[in-house]
Every structure is written in structure tokens, then in C-alpha cells.
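Working notes, beginning with the structure itself.
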Amino acid sequence: MNYRFVVKPELCIGCRTCELACSFAHSVNGKPGRSRIYPLGTGHKELWVPVVCLQCEDPACARSCLVDAITRNPETGAMDLDAERCVRCMACVAACPFGCSLHDANHQMVVKCDLCGGDPVCAHFCPTKALVLEPIVQQKKKKSA
Amino acid sequence: MVTLTINGKLVRAREGEMLLDAIRREGIEIPATCQHEAVEPYGACRLCTVEITKADWGGWKNHVTSCLYPVQEGLIVSTHSEDVIRIRKTILDLFLARCPNAELIQNMAAEYGITRTSYEEVPDGNDCILCGLCTRVCDKMGFQAISTVGRGHGKEVAPPLGEAPPDCVGCLACAQICPTNYIKFTDDGTTRTIWGREFELVKCETTGQPTITKEFAAYLVKHRNIPEDYFTRCDSAHREELAKTMGRITHWGRQEEA
Chain A
1 MNYRFVVKPE
11 LCIGCRTCEL
21 ACSFAHSVNG
31 KPGRSRIYPL
41 GTGHKELWVP
51 VVCLQCEDPA
61 CARSCLVDAI
71 TRNPETGAMD
81 LDAERCVRCM
91 ACVAACPFGC
101 SLHDANHQMV
111 VKCDLCGGDP
121 VCAHFCPTKA
131 LVLEPIVQQK
141 KKKSA
Chain B
1 MVTLTINGKL
11 VRAREGEMLL
21 DAIRREGIEI
31 PATCQHEAVE
41 PYGACRLCTV
51 EITKADWGGW
61 KNHVTSCLYP
71 VQEGLIVSTH
81 SEDVIRIRKT
91 ILDLFLARCP
101 NAELIQNMAA
111 EYGITRTSYE
121 EVPDGNDCIL
131 CGLCTRVCDK
141 MGFQAISTVG
151 RGHGKEVAPP
161 LGEAPPDCVG
171 CLACAQICPT
181 NYIKFTDDGT
191 TRTIWGREFE
201 LVKCETTGQP
211 TITKEFAAYL
221 VKHRNIPEDY
231 FTRCDSAHRE
241 ELAKTMGRIT
251 HWGRQEEA
């Protein structure tokens, strides 16, 4: 994992290009899927936040999944949902405190951000670079005395 | 890694892997209705039957359910040989006699050229193919609310004693994964009924949207260590809240208000 996905709300203009890019990137049989990213208003003037899965360290979605369908992808660092394993009990949708585990009613499946396998499509389309893939600079840790 | 032959093609597979996984990875379509990634293979529907042989078997061959058969070095597999097709047709014919109205079975049988069963239709037949997927998923999730009861022609999937199951939490997983949509439920946004038991749904404090049943939420709080207040809002309300919180952090210490 040499890159990380960074969301910068102060740069977001709420154009919703990421939403469109996401839903096309995750199309099922040619039909656009449900977007995993939601640029929402914050209640402040001209301030938007692209709400997207935070890939928590100890995620409620994975803890609530009784069939272990949500697991950490060691390559991308994302919590991946195995659609083949999912039994659609909606536990993760109800349990996620950020509302980022979603039910795609059109395709009868549960979806969540998987960082597009390590190269998020939304980051490519964001015109203001509010969504970026940044390389992680390894900092040498000083040994505590 | 082991090397085997599937339909004349040399294929490498992981040791301990089941034949069906290796076959599917090669892009070969074979029907399998009782198979699901969430549970162990079971071999109930028998539709994934394939023909296996080995070079040193002296012409002997065997028919096995590929979902339950681990890959072996030097195995020669045919997924669509004449015998396999005949076996699969017989199974589908029998399924069609039991479940004449199940859409999945009708479509599968039509693919193999069967539109009407050659057997006598079961008079009180239903759409259940008794694959046991629902009971296995229920067991896997830790509820064990339903099981197969009875034997032979009287075998069916049901809650204990045919009464409203006390261990069911109304998660609907059984109905969602049922290959033939046999398991029925009703959900009017306030109450959910399945297996003859009524469940009250948790409603979002902000939007009033129903999420999961109260029993399921209570189970997750108790056994999966999820804070209780996570269930008080629906997913869209959670997102709104996250956006508002992030806005508050960004505007920390500033005076302007929209």
C-alpha cells in the first residue's frame, strides 16, 4: 500500500462529477450502478463534503457481517465486499455510522467503496482535486528515548 | 498447486480447492443451485455433476458433484460429456416434476431442452428444491432458526414444530439467497413477517426510514459489539450527519454562518 486516497472537503465544489464517475465505473451489465460517493452540503455556504467510505480501522460493517463478506484487501487497504458471499441481510447498511455501506435496489445487492482496486476513478475525474491519490511518504520514526 | 485437465485443457489449481471453483475460473458454465460462497459446499442439488477419470484408471470413470470434490493431480474432468448431460437432464426433469412453477428450474431445464417433465408432477408440489441453502446460511449466521424437517416426500424447510421460530431475527437472508424465491415474506415498512413471525422494524430518528428489525439490531449490539446508537439512523441520515460534522470541523473557530 504505497498510496492513500485523500478527501479534501475545502476544495469540493459539489459538482457531483465523482458521483457520476463512480456509478459508471461500477456499472452492472451495462447499467450504471449505485454511486458509492455522495457530495453533500454541510450547512455552510459553498462548502461541500464528498461523503465516501473511510475504510475504518475497525469497521462496524465488517463486525456486523455474520458471513464475513467484508474483509480488508491487503493490496489496496480497502474493506472489500464480496458480492458472491453477501447474503443481503442489510446488517452492514444499518450498522455503518457514516452510511457508506449502501443498498443498490436496482441490482439487488449491497455495495460499498472498494477504492476501484487501488486506483479510484472518482479521483481521476475530480476537477478541483478534492479527491486525490497521494503517495505515502515513509517518514523515519525517531526512537523514543 | 496441482495440475488437472478440464475439457481437454491443462489447468492449475490450488490444493484443497473444489473442482467447481476451478471449472468456473476457466469460464465454463455449469449449473449449481445449492452453492453459495458464504457456506460450505453441500452437494444437494447434484446439478454440478461432472465426469472424472485418470490416465491410470484403465478406462474407468466416475460421476461426482464438482462442488464437493477436491482437485487432484492428474485428474481428467469433462463438464459436458454425453453421460453428464444425460444425468443433468434427469435431475432437471425430476426438479421440474417437483417444482413445475419455479422460474429458475424452468429456465435451466429449457437450456437442456426440457419444457415439460416426463415424470408425473407432484400434486402438492411447491418451488422448494430442498437445496438446504437457507438452513445452512441461517446456521452460518448463528441463528439456526429453520431446518429441514421430515423425510422423503414429506421433507420440507420449516421452523421448529411449525410454529413461529423463537431464534429468528427476521434478517431475510434465507429469502434473499433462496435460488427459486420460495421463501416468502411481507414488509410494509413498519412490520416484517417471515416464517409466521412478526418483527417490528427500527425506524430512523431523522427520516423515518425503516432499516433492520429490532431483534436483529439487538443481536448485533449484543454479539457483534456494535454501539446501540449506530442503529438509530438510516444510512442517508448518517451521511448527512457526517457532512455536517466535517463542515463544522472545517469552519472551526470561524464566525461566518450560512
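Keeping their order, the protein sequence lines are chains A and B.
Numbering of the first sequence is given in this note's numbering, commencing with residue 1 and proceeding in unit increments.
Numbering of the second sequence is given in this note's numbering, commencing with residue 1 and proceeding in unit increments.
Where is the CB? At the ideal position from N, CA and C, for every residue including glycine.
Residues bridged to residue i (per DSSP)
| i | result |
| --- | --- |
| Val7 of chain A | A:Leu131 |
| Met79 of chain A | A:Arg72 |
| Leu40 of chain A | A:Val49 |
| Glu51 of chain B | B:His63 and B:Ser78 |
| His36 of chain B | DSSP, once it has assigned bridges, lists no residue as partnering His36 of chain B. |
| Val2 of chain B | B:Ala13 |
| Asp154 of chain A | Residue 154 of chain A is absent from the model: chain A starts at 1 and stops at 145. |
| Met18 of chain B | B:Pro70 |
| Trp31 of chain A | With the sequence shown as reference, residue 31 of chain A is identified as Lys, and Trp is not the correct amino acid for it. Answer by DSSP bridge pairing, in chain order: A:Val28. |
Contact set between residue i and chain B, taken where Cβ atoms lie within less than 9 Å
| i | result |
| --- | --- |
| Phe98 of chain A | Asp235, His238, Arg239, Glu241 and Leu242 |
| Leu131 of chain A | Those within 9 Å of Leu131 of chain A in chain B number zero; the least Cβ separation is about 14 Å. |
Contacts of residue i in chain A (Cβ-Cβ under 7 Å)
| i | result |
| --- | --- |
| Leu220 of chain B | Ser64, Ala91 and Ala95 |
| Leu172 of chain B | Cys89 |
| Gly8 of chain B | By Cβ distance, chain A contributes nothing, its closest Cβ being about 27 Å from Gly8 of chain B, past 7 Å. |
| Tyr230 of chain B | Ala60, Ala95 and Pro97 |
| Thr37 of chain B | Note that residue 37 of chain B is Glu in the sequence shown, not Thr. Simply Asp82, Glu84 and Arg85. |
| His27 of chain B | Looking at the sequence shown, residue 27 of chain B is not His but Gly. Under the 7 Å cutoff, chain A gives no residues; its nearest Cβ is about 16 Å from Gly27 of chain B. |
| Gly247 of chain B | Thr42, Gly43, His44, Leu47 and Val49 |
| Ile212 of chain B | Met90, Ala91 and Ala94 |
| Gly208 of chain B | Near Gly208 of chain B there are no residues of chain A at all, since even the closest Cβ is about 15 Å away, more than 7 Å. |
| Thr250 of chain B | Pro9, Glu10 and Leu47 |
Under 9 Å by beta carbon: chain A residues contacting residue i
| i | result |
| --- | --- |
| Arg224 of chain B | Ala60, Arg63, Ser64, Cys65, Leu66, Ala91 and Ala95 |
| Met18 of chain B | In chain order: nothing, as chain A lies at least about 14 Å away. |
Per-residue contacts from residue i into chain A (C-beta, under 8 Å)
| i | result |
| --- | --- |
| Ala217 of chain B | Ala94 |
| Pro141 of chain B | A quick correction: the sequence has Met, not Pro, at residue 141 of chain B. Ordered by position in chain A, the residues that pass the 8 Å Cβ test against Met141 of chain B are Leu66, Val67, Val87 and Cys89. |
Under 7 Å by beta carbon: chain B residues contacting residue i
| i | result |
| --- | --- |
| Val51 of chain A | Arg239, Leu242 and Ala243 |
Quiz item: Between the segment 110 to 124 of chain B and the segment 94 to 101 of chain B, are three or more C-beta pairs nearer than 8 Å?
Solution: Touching, yes.
Quiz prompt | Inter-stretch contact at 8 Å, needing at least 3 Cβ pairs: the segment 62 to 74 of chain A / the segment 202 to 210 of chain B | solution = no
Exercise. Would you mind listing the beta strand (DSSP E) stretches within the segment 147 to 227 of chain B that are 3+ residues and don't spill past its ends, in chain order?
Key: 147 to 149, 156 to 158, 185 to 187, 191 to 194, 197 to 203 and 210 to 213
Exercise. Assess, as a yes-or-no matter, whether the segment 73 to 88 of chain A is touched by the segment 111 to 129 of chain A under the definition of 3 or more beta carbon pairs within less than 8 Å.
Key: yes
Self-check item: chain B contacts from the segment 10 to 43 of chain A (Cβ-Cβ distance under 8 Å)
Solution: Cβ contacts with chain B come from Glu10, Tyr38, Leu40, Gly41, Thr42 and Gly43.
Quiz item: Between the segment 69 to 85 of chain A and chain B, which residues of the former have a C-beta closer than 8 Å to a C-beta of the latter?
Solution: Ala69, Asp82, Glu84 and Arg85
Quiz item: For the segment 133 to 150 of chain B against the segment 97 to 117 of chain B, are there 3 or more C-beta pairs whose distance is under 8 Å?
Solution: no
Exercise. Taking 8 Å as the threshold, find out whether the segment 16 to 29 of chain B comes into contact with the segment 49 to 66 of chain A through three or more Cβ pairs.
Key: no
Practice problem: Compile a chain-ordered list of the residues in the segment 102 to 127 of chain A whose CB is closer than 7 Å to at least one CB of chain B. | Solution: Leu102
Self-check item: Selection of the segment 114 to 139 of chain B by Cβ proximity to chain A, strictly under 8 Å
Solution: Those residues of the segment 114 to 139 of chain B that come within reach of chain A (Cβ to Cβ, closer than 8 Å) are Val137.
Quiz item: If you measure beta-carbon to beta-carbon, which residues of the segment 168 to 199 of chain B are closer than 8 Å to chain A?
Solution: Hits within the stretch, in order: Cys171, Leu172, Ala173, Gln176 and Ile177.
Quiz item: Should the segment 35 to 50 of chain B be called in touch with the segment 65 to 72 of chain B, which here means at least 3 C-beta pairs below 8 Å?
Solution: yes
Practice problem: For the segment 74 to 127 of chain B, list the alpha helix (DSSP H) runs that are entirely contained and at least 4 residues long, ordered along the chain. | Solution: 82 to 98 and 103 to 111
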